[in-house]
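Residue numbers (mature numbering (1 follows the signal peptide of the UniProt record, and there is no 0)): -21 to -1, 1 to 992.
Before any comments, here is the structure.
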């Protein structure tokens, strides 16, 4: 048993020794491989080393060997930049928490990243290091590396913390001080920066770097002489970029020392800074301001302006200062429009209240001198006084304010400003402004509104001259409103005013009185005044011609035919108007003084001499009648036939047919007479000629004993109610009496009663006409319309022309262009009065334009302009239609000519439009300065017309930009956008122009904000 036990023990011991020997061999082999791997690692053969470390770790049983292998595997991964590197390091730290290499792993990885300039990665691993476990030497390196890594990623607070720990280190101290100084510099702590930079300034390695920073530091510390000295020392050895920065330091230092001449070349040498996204170097608004101000102080205003006006969209103290001095520079060069915008901009900023007040004062004064496109000059002056009530310039500005109410011509706005102001000077201004506003309304044919303004002017009778003038123009308004009695009183009152003869209106007083009496049918009185007017030598030919025509008419009505003939002859001799009317009237007058043969001769001559006269059908009718009186019935019949053939639409055709019937009747040619009478009754129902034809035909039928034929025939005529004829006549005559007695409301009621009872009555045509006229007189044109329509839809009559005129007027006022056109065409063709022809043609011109029939519009405008009788208002309408049509159809050369003509005769909004296009065409021709002068005139004289004022400003902005003045261009466009928001098309154009300019200017000015940045 013992033996067996011993044997067993020996066997066991032998087996154990075999296992131990095997383990020892394996361990020895792993150590050899580990050393090989370590050697590969130290020789930077990281991939091979990593592979061998993995084999060793796989076979090793010892914890230490495994942890060391894991450490190096992770370290190799870091150096090989493998994706799993961070995880491997973290795994090592987690799996081997007691490893002595744990802290070293963090340091090694961090140092590796540091040495390869991967500072964000380095910072992450340095944060994991246990500082307490580091040796003193290792701590210095750790603090510097960690601090510099934080510095590199701009974590200045952390960087400073670690670098401060080694600022006295022999190895790292100089570098740490440099970087601490640099961080202080970047943080604007210039004293600390200077302190640290001074500590390393004697070291050669930092001298080059520090020279720029020290120059800049001294500049920022306000030590400008030292900054200049240091920067100049560095200039020669600097590259282009640093030369730019040093020049800026030198230039700004001289600027701050108020040595502007010395500053200019250095400020100009600066190249600007690069932006974050835009790598092109740019100046900013401060850079432009400093160079501009330096030029300004040297009285070099052209160059000052060139720099100041590059400051686009500035809104700070520097911009306010720049815009103020920009305005001053413009004033020195007598460029007041540009100065206006600059001072206005400075006055809208409150960074420096003294500059703001001075800018306001200059802005107000210049507004008075040249006008203001944004506000009326009176508004600007009044706003200045409201803002600065205690100003020492108060008396001067108040004087300018009163005068500006007149000179601005913005009377509508001026009236609002003057309302309630009690001083004597303001009341004098109110009288004048109300008068001129009344004239504006009068010229726009708003006579009722104009009369109200003349009354307001007369309510403040401060200046006798304007009292007289307002009295005259109030009478003129009454005349145009057909209030002839009131007009006469007004003209007489004007004549009685002592200084009326000193006014421009006095010259035409006799002419106006003549016309007023003429309209009142007081022809004997009108003759006196027309004679007084026409006999003066200084009367213009057109009015003299017209006066002789009215004289002739007055004498004619009073049956003073010889005097009428003489007046008509005078009119023919002057020949400013078409002479057909006086020639015709003269022929008629000759007949009335018993010279029948001369009348016939004159009428025959008239018919041949005036083939296009509107009176030619009148002449034919009169000539036919004259032939009848001379028993030349054959000639009479031929003339009546000619009239009917050549003028089918003439109101004289029915009269001529009636006359022919009467000639046949008087010659006992009853059948021929009946044919004519029946034709009149059939073709011209309801007319006086038709009524007379029926009455005469009745006599013929009675004479022939054919009463039944008459009865059957009359029943075919729906306007003849034979059995009610007496009642018809009586009802009509009752209404007519009220009309003749001027009882308007009663007349309207009775005429309507007549038409209801006798819709096809004998006098239906006259009743419709009179009731329409009564409604018109009461300004109830809509009520008058169906009655005028009744007339124009019937055969030609003496009422047709007036009805066509009134009905077309109604459709024009309601903008029913398509309904108005056929009536206007008829009026143009059928009218006997030249004024109605002008009315038709001028409105055909306008309606065709509204309907975009530009060719027809131009054709009628040209017709209108051929008429010598038209006034300036109609002339300007015609030229403006030609101009607008040319613009719409792309014929700008023609538009330019037409607008030039408009400008000569137009007033009000049309004049503003013409001036705008004057500026527009100059802009297109590249005459930018001349274009701006025209816009300035538009702003000064027509600021009340906002649309064209705003369009003019956009044009001005384009001109200024073409003239290299970006400030003026952008400021004007921004003002348009701000002040004219209701004008969508103008504002949209301004926004697009502004966007384009800012995009272009942003290429060189980093202060400009655009949609892109």
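Beta carbons are placed, not taken as given, at the ideal position from N, Cα and C, and that holds for glycine.
Every value quoted in this text rests on a predicted model; they were computed, and no experiment measured them.
By the C-beta density criterion, residue 628 is exposed, having fewer than 16 other C-beta atoms within 10 angstroms. Scanning its chain for C-beta atoms nearer than 6 Å, with the 5 sequence neighbours on each side dropped, one finds around residue 909 the residues 901, in chain order. DSSP places residue 39 in the coil class of the three-state scheme, outside both helix and strand.
DSSP places residue 846 outside both helix and strand once states are collapsed to three, so it counts as coil.
With fewer than 16 other CB atoms across the displayed protein chains lying within 10 angstroms of its CB, residue 814 is exposed. Within the same chain, no residue comes within 7 Å of residue 961 by CB-CB distance, once the 5 residues on both sides are set aside. Straight-line spacing of the CA atoms in residue 964 and residue 250 works out to 40 Å.
Judged by DSSP in its simplified three-state form, residue 114 adopts coil rather than helix or strand. Three or more Cβ pairs closer than 8 Å define a contact, and the segment 611 to 621 falls short of that threshold against the segment 651 to 663. In terms of CA proximity to residue 696, 739 leads the group 112, 731, 739 and 708. As computed with DSSP, residue 261 is found in a beta bridge with 252. For the segment 101 to 150, the continuous alpha helix (DSSP H) assignments of 4+ residues that do not extend past its boundaries occur at 115 to 131 and 135 to 143, in sequence order. Here the alpha carbon of residue 268 sits roughly 13 Å from the alpha carbon of residue 308. The straight-line gap separating the alpha-carbon atoms of residue 282 and residue 271 is approximately 7 Å.
Counting C-beta pairs with one atom in each stretch, the segment 841 to 859 and the segment 881 to 892 have three or more that are closer than 8 Å, which means they touch. Considering only 453, 496 and 445, the residue with the shortest C-alpha distance to residue 481 is 445. By the beta-carbon neighbour count (other beta carbons within 10 angstroms, threshold 16), residue 634 is buried. Partner residues in the beta bridge of residue 984, as assigned by DSSP, are 262.
Judged by pairs of C-beta atoms under 8 Å, the segment 747 to 755 touches the segment 781 to 792, as three or more such pairs exist.
Taken atom to atom, the span from the alpha-carbon of residue 59 to that of residue 71 is near 17 Å. Here residue 406 carries a helix assignment [DSSP, helix/strand/coil].
Linking residue 416 to residue 953 through their CA atoms gives a straight-line distance of about 31 Å. Per the Cβ contact rule, the segment 460 to 474 is in contact with the segment 492 to 512 (3 or more Cβ pairs under 8 Å). Below 8 Å, too few C-beta pairs join the segment 360 to 376 and the segment 401 to 415 to call them touching: fewer than three.
Distance from the CA of residue 751 to the CA of residue 678, rounded to the nearest whole angstrom, comes to 34 Å. Within its own chain, the residues whose Cβ lies closer than 6 Å to the Cβ of residue 543, once the five positions on either side in sequence are excluded, are 531, 534, 535 and 568, listed in chain order. The C-alpha of residue 232 is placed about 33 Å away from the C-alpha of residue 976. Residue environment: residue 352 is assigned as buried (16 or more neighbouring CB atoms within 10 Å of its CB, all protein chains considered). Counting the other Cβ atoms within 10 Å of the Cβ of residue 638 gives 16 or more, which makes it buried. A Cβ-Cβ separation of about 5 Å places residue 52 in contact with residue 32 under the 8 Å criterion. Inclusion of residue 769 and residue 763 in the CB contact set at 7 Å is not warranted, their separation being larger than that value. With contacts defined as CB atoms closer than 7 Å, residue 347 and residue 356 qualify as a contacting pair. Burial check for residue 410: the Cβ neighbour count within 10 Å reaches 16 or more, so the residue is buried. Only residues of its own chain outside the window of five on either side were considered, and among them 524, 527, 528 and 561 have a CB closer than 6 Å to the CB of residue 550, listed in chain order.
Closest option to residue 817, judged by alpha-carbon separation, among 803, 432 and 913: 803.
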